[in-house]
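S.K.:
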């Protein structure tokens, strides 16, 4: 069950076909467990891959056009709300009066332009076409950015080895992981990998979603037939007339004490990738953290690390997101550690006194930037205060910590964030438990790796069905700890959007 800013609780289902058409269903729910459905929007259209993304390394830009879309309300409250929104904002809607639960209503209808595909929302509609997306604030702009990942099963003790692969041991590079340009060899075991599809992130502000073009990814979708994925099976057997209802569970925030690390290479706006490590101290008020940024979607090629420490308070129930707790974090000390020459050159380009000692940056040498009030080059001011939300879930006997999602288009250098997030980042997993069946990539003494291969989708790919995996049942969790990197495309823009 995915939580989007708002908050909005959704399950997504996509079916891509080899003839460049697609079908999608987005289910909306009343609750963060996705047990009480409100309505579903079922869409069909055309989807074509364009070119490799110049902003998000490893991603592929795409064009799409919706040709038809229907909405199916499930509750009386949903029918009343949708009828009001359609009456006020969509005079072309083919509905009159009240809506009925479990009935299909046209909210978008467009004759497809097969010869020249234009971006949805930019076509000139002939008379009789219907477009109610604006009234419902609904888009599928996430289809404009795609990336396919191949992830090794977590229970594979003997991972597949490419016959001609060479091992390059580096603290930020997983062993035996193919690059994004490589194909899976014909003799690789068919059950060694699962496919996950990453689509573009939606804007953290709902009012900005109609015009937003994604430059990062949202939670990965699992292939519908992924072995052992109960949520996948449940969604696969559902349809808009029989929506999936996931199992409810009572969430509680247990002790934060201990170390927490990323479960995958995470995506951020403008093509940034990172992993996170958080350590909450036994005093219940102090924390340490490391944010490692990378140039690539596999978190192989390090750029720089932020090493932070500070204090936190809170723990009261959130009035915005059910099951979450409100916290406030303060960063009181910050160090910056560059890992490559491109990062060093960019840092040394700054001549002021707002980011450590000017012109003194070098690869592998950290600087404490606390005395300079943070790092203006990275858009970070100290002391830094963040109003946040957190929640915990137990997934397959592993404890997951969800921290609030970073806001998009946040003003750079803002020292105090007044607005709390209403959605979450990728989960962190606790690494000091017994029998977790995890490997630490770069923890002291650890030599594990993440089994992920990021590949751009190829045109005319095999038919496959992708479903939301849900937060209750996820496979292949690997405890990751990498150093972090930033892609210096649009350097001036990127360096003002680092958030910790």
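Residue numbers (this note's numbering): 156 to 655. Ideal Cβ placement from N, Cα and C applies to all residues, glycine included.
Mark residue 187 as exposed unless 16 or more other C-beta atoms lie within 10 angstroms of its C-beta, in which case mark it buried.
M.R.: buried
S.K.: When DSSP builds the beta bridges, which residues end up paired with residue 484?
M.R.: BP columns for residue 484 point to 467 and 541.
S.K.: Take every Cβ of the region 467-477, pair it with every Cβ of the region 415-432, and state whether three or more of those distances are shorter than 8 Å.
M.R.: no
S.K.: What does the Cβ neighbour count give for residue 409, buried or exposed, with the cut at 16 atoms within 10 Å?
M.R.: exposed
S.K.: Apart from the five residues just before and just after residue 313, which ones in its own chain have a Cβ nearer than 7 Å to its Cβ?
M.R.: For residue 313, the pLDDT reaches just 36, beneath the cut-off of 50, and the residue's location in the model is therefore unreliable, although a value from the coordinates is still provided. Excluding positions up to five away in sequence, the list is empty.
S.K.: Can you round the beta-carbon distance between residue 353 and residue 396 to whole angstroms, since I take them to be within the 8 Å contact cut?
M.R.: That pair is no contact at about 29 Å.
S.K.: Would you list the one or two residues that DSSP bridges to residue 523?
M.R.: In the DSSP output, where bridge partners are listed per residue, residue 523 has 490.
S.K.: Might you give, ordered along the chain, the residues of its own chain that have their beta carbon closer than 8 Å to the beta carbon of residue 240, omitting 5 neighbours on each side?
M.R.: 290 and 291
S.K.: Can you tell me the Cα-Cα spacing of residue 229 and residue 213, whole angstroms?
M.R.: In this structure, the CA atom of residue 229 is about 39 Å from the CA atom of residue 213.
S.K.: From the DSSP output, in three-state form, read off residue 239 for me.
M.R.: In the structure shown, residue 239 sits in a helix (DSSP, three-state: H, G or I).
S.K.: Provide the residue span of the beta strand (DSSP E) that contains residue 215, from first to last.
M.R.: 215-228
S.K.: Could you give the C-beta distance for residue 194 and residue 164, rounded to a whole number, given that I count them as a contact under 8 Å?
M.R.: That pair is no contact at about 12 Å.
S.K.: Of all the options 288, 249, 191 and 389, which has the alpha carbon lying nearest to the alpha carbon of residue 657?
M.R.: Any answer about residue 657 is impossible in this case: the structure gives the chain only from 156 up to 655.
S.K.: For residue 356, which of helix, strand or coil comes out of DSSP?
M.R.: coil
S.K.: Judging by CA-CA distance, which residue of 181, 171, 422 and 177 is the nearest neighbour of residue 157?
M.R.: 181
S.K.: If you count every other CB in all the chains shown that lies within 10 Å of the CB of residue 553, and 16 or more means buried, which is it?
M.R.: Residue 553 should be labelled buried.
S.K.: Just verifying my parser: in three-state terms, what is the DSSP assignment at residue 290?
M.R.: helix
S.K.: Alpha carbon to alpha carbon, what distance is there between residue 442 and residue 205?
M.R.: 44 Å
S.K.: From the DSSP output, in three-state form, read off residue 369 for me.
M.R.: coil
S.K.: What is the DSSP secondary structure of residue 505, reduced to helix, strand or coil?
M.R.: coil
S.K.: Please state whether the Cβ-Cβ distance between residue 577 and residue 192 is less than 7 Å.
M.R.: no
S.K.: DSSP puts residue 260 in a beta bridge; with which residues?
M.R.: 226
S.K.: Could you pull out every residue in the same chain whose Cβ sits closer than 6 Å to the Cβ of residue 503, ignoring the five residues on either side in sequence?
M.R.: Around residue 503: 514 and 516.
S.K.: My understanding is that residue 223 touches residue 295, with C-beta atoms under 8 Å, so please give their C-beta distance in whole angstroms.
M.R.: The pair is not a contact, with the Cβ atoms about 12 Å apart (cut-off 8 Å).
S.K.: For residue 245, which beta-bridge partners are listed by DSSP?
M.R.: In DSSP, residue 245 forms no bridge with anything.
S.K.: Please state the DSSP three-state secondary structure of residue 581.
M.R.: coil
S.K.: Considering only the beta carbon of each residue, do residue 543 and residue 559 sit closer than 7 Å?
M.R.: yes
S.K.: Between residue 221 and residue 263, is the Cβ-Cβ spacing less than 7 Å?
M.R.: yes
S.K.: Under the rule that 16 or more other beta-carbon atoms within 10 Å means buried, what is residue 498, buried or exposed?
M.R.: buried
S.K.: Tell me which same chain residues have a C-beta within less than 6 Å of the C-beta of residue 606, skipping the five on either side of it?
M.R.: Because residue 606 carries a pLDDT of 33, less than 50, the predicted location of this residue cannot be relied on, and the following value inherits that uncertainty. These residues qualify, in order along the chain: 306 and 307.
S.K.: Thinking C-beta only, is residue 284 closer than 7 Å to residue 298?
M.R.: no
S.K.: With DSSP collapsed to three states, give me the class of residue 197.
M.R.: strand
S.K.: Would you check if the region 245-257 and the region 481-499 touch, i.e. whether three or more CB-CB distances between them fall below 8 Å?
M.R.: no
S.K.: Reducing DSSP to helix, strand and coil, say where residue 531 ends up.
M.R.: The answer is helix: DSSP assigns residue 531 an H, G or I state.
S.K.: Could you please give me the residues that DSSP links to residue 192 through a beta bridge?
M.R.: 184
S.K.: Consult DSSP for residue 560 and reduce its assignment to one of helix, strand or coil.
M.R.: coil
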